[in-house]
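First residue of the sequence shown: 19, per our numbering; consecutive thereafter.
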Amino acid sequence: MNNSKRNTLLTLMLVLAMWLAACGAPTPAPTAAPATEAPTEAATEAATEAPTEAAAPANPNIILATTTSTQDSGLLDVLVPMFQEQTGYVVQTIAVGTGEALKMGEEGNADVLLVHAPSSEKAFMEGGHGKDRLLVMHNDFVIVGPAADPAGIKGMATAREAFTAIFNAGAVFITRGDDSGTHKKELALWKSAELDPAGQTWYTETGQGMGASLTVASEKAAYILTDRATYLANKDNLQLEILVEGEPGLLNVYHVMTVNPEKSDKINYEGALAFANFLVDAATQEVIGQFGVDKFGAPLFVPDAGKDPAELGLDS
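Right under this line is the structure:
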């Protein structure tokens, strides 16, 4: 065999060997990760990621129209921040007399009301201005005055007796005169005594809230009807004492009412209902029941959510 033929044969044999090697080598199959393989760092983070926070309210702004007594007592300084932190709502509190608060609701200028004039509240609901009305709490009204007690009312059993004595003595009496729940109660007490103090020189109107009116009464050594909570919260700055208290008819009951969203497209009903439900929630009711205990040794308000209104002397 000449060299040319041998070289050709060797070349063919080399090509054949390479082809056989390529065809005979198995293609490695993809392998699955072992069952015991640790998850990747990204997977671990995803599995342990904290749940996302509840979405912020679509409309976070709420207007609360309430009485000066809830503001002046300091209760709202505790409750409103709690509500805002839990829900993401932002509350604009407008503290006015109950009459003005109800008017704001009627005109669609508030979303939710916290007030204490049951008969006026019923009229508000019956007029279609409110959607929900829930019992929240109560405290009581007391008659306070100077230690000298010129009308001699200390220890009298009823407000009617006390008002009659004040009227007959011509002793200075301060009235808020602002159509608030307290003012409405005072007028009802004068009516029950069949007396009309309007126009008397000793009957002085402030047109202000409870805290400011107490200050005026203290400065003038006068008598005044007040809710107990506001009096106790301001007691250290007043020269006034509780002289008449404890009559069942002096209970001061608070309800929360949502404004009917049909009144105006401005009404934030979802926010109003959230605030109303917050006030009657068991945890909030517990806070209300403890408010004032640390400073005064007794709560300034009694929680009432879920109670029968008849227990408080109300028909509804």
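Cβ atoms here follow ideal geometry from the backbone N, Cα and C, with glycine treated the same way. Quick caveat: nothing in here was measured; it's all calculated off a predicted structure.
The alpha helix (DSSP H) that contains residue 144, what's its start and end? By one-based count along the sequence shown, residue 144 stands at place 126. 136-144 is the extent of the alpha helix (DSSP H) around residue 144.
DSSP bridge partner residues for residue 276 (one or two, in chain order): Numbered from its first residue, the sequence shown carries residue 276 at position 258. Paired residue(s): 130, 150.
In whole angstroms, give me the CA-to-CA distance for residue 111 and residue 82. Counting from 1 along the sequence shown, the entry for residue 111 is found at position 93. Counting from 1 along the sequence shown, the entry for residue 82 is found at position 64. Spanning the two alpha carbons is a distance of roughly 5 Å.
Compare the Cα-Cα distances from residue 250 to each of 233, 238, 266, 282 and report the closest residue. Within the sequence shown, the letter at position 232 stands for residue 250. When only C-alpha atoms are compared, the closest one is 233.
Only counting the same chain, and skipping five residues up and downstream in sequence, which positions put a Cβ closer than 7 Å to that of residue 220? Sequence index remark: in the sequence shown, residue 220 carries index 202 (1-based). For residue 220, where only same-chain residues beyond five positions count, the Cβ hits under 7 Å are 188, 189, 190, 191.
Per DSSP, what kind of secondary structure is residue 191 in: helix, strand or coil? Locating residue 191 in the sequence shown gives position 173, counting from the first residue. Correct three-state label for residue 191: strand.
Counting only the same chain and skipping the five closest in sequence on each side, list residues whose C-beta sits under 7 Å from that of residue 27. Looking up residue 27 in the sequence shown gives position 9. In this prediction, residue 27 scores a pLDDT of 43, lower than 50, which makes its location untrustworthy; the coordinate-derived value is nonetheless stated afterwards. Cβ neighbours of residue 27 beyond the five flanking positions: none.
Taking only runs that begin and end inside the segment 284-333, name each unbroken alpha helix (DSSP H) of 4 or more residues, in chain order. 287-298, 300-308, 311-314
Can you look up residue 255 in the DSSP assignment and give me helix, strand or coil? What you label residue 255 is simply residue 237 of the sequence shown in a count that begins at 1. Looking at residue 255 - three-state DSSP - the assignment turns out to be helix.
Between residue 262 and residue 206, is the Cβ-Cβ spacing less than 8 Å? On the sequence shown, position 244 is the one that residue 262 refers to. On the sequence shown, position 188 is the one that residue 206 refers to. Cβ atoms of residue 262 and residue 206: not closer than 8 Å.
Less than 8 Å between the beta carbons of residue 248 and residue 91, yes or no? Here residue 248 is taken as the residue at index 230 of the sequence shown, counted from 1. Here residue 91 is taken as the residue at index 73 of the sequence shown, counted from 1. Cβ distance < 8 Å, so residue 248 and residue 91 count as in contact.
Assuming residue 294 contacts residue 274 (C-beta within less than 8 Å), just tell me the rounded distance between them. Taking the sequence shown and counting its residues from 1, the one referred to as residue 294 is at position 276. Taking the sequence shown and counting its residues from 1, the one referred to as residue 274 is at position 256. Confirmed, Cβ separation roughly 5 Å.
Just to check, is the beta-carbon of residue 227 closer than 7 Å to a non-hydrogen atom of the ligand ATP? The model on display carries no ligand, and the ligand ATP is accordingly not part of it.
Grab me the residues of residue 197's own chain with a C-beta within less than 8 Å of its C-beta, minus the 5 sequence neighbours each way, in chain order. On the sequence shown, position 179 is the one that residue 197 refers to. Correct list, in chain order: 115, 116, 117, 118.
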